[in-house]
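Worksheet: one structure, shown below.
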Amino acid sequence: MENLVRICGAFYVLFGLFHVGFPKTLRWKEELPNWSAMNRATIRILNHCLMIFWFILGFIYLIHAKDMVTTSIGRSILIGMVVFWIIRIGILQPFYLGIKSRMSISMIGLFSVALVLNIIPLARGLL
């Protein structure tokens, strides 16, 4: 189970790196000038916070894999991330992006991998 947690940690580091590329991938130079200064700043701040979050979470999962499956705080983090992914996949994604485009379906698939990487060690730890 510790190896699954480490794989999930690497996955989270990749999510952080993915967010590094958001400004270019999402063409923020062209898109954001049409927004108010407050909205531009907010989206940039939120993206930086998400990058930091994914890197910190990846570090925790990679360095403290054993604790994630053997301690109550580790299981609490796993539970929190399971809830996060269920809400992200089941509520937020369909509501804001729908599930009709290939990109949206791909994102759901990717996020589902993260969900499974959290559920399996959690379930094994609870049994």
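With my numbering applied, the sequence shown corresponds to residues 55 to 181, in that order.
No residue lacks a Cβ here, since even glycine has one placed at the ideal position from N, Cα and C.
Given the structure is predicted, the values throughout are model-derived calculations rather than measurements.
Pro87 sits exposed, since fewer than 16 C-beta atoms from the chains shown fall within 10 Å of its C-beta.
Taking 7 angstroms as the cut-off, the beta carbon of Phe165 is found closer than this to the beta carbon of Ile143. Counting only the Cα atoms, Ile141 lies some 25 angstroms from Asn57.
Three or more pairs of CB atoms, one per stretch, sit closer than 8 angstroms, so the segment 62-70 contacts the segment 105-125. Taking a contact as a CB-CB distance under 8 angstroms, the pair Met55 and Val74 does not count as one, their CB atoms being some 29 angstroms apart. For Lys120, the enclosing alpha helix (DSSP H) starts and ends at 119-124. DSSP, read as helix, strand or coil, puts Leu180 in helix.
In the same chain as Asn101, and ignoring 5 residues on each side of it, the C-beta atoms closer than 7 angstroms to its own belong to His73, Phe76, in chain order. At a Cβ-Cβ threshold of 7 angstroms, Trp139 and Ala168 count as neighbours.
Judged by DSSP secondary structure, Lys78 falls within the alpha helix (DSSP H) whose first and last residues are 76-79. One Cα belongs to Ile99, the other to Gln147, and the distance between them is close to 21 angstroms.
The C-alpha of Val123 lies about 6 angstroms from the C-alpha of Arg129.
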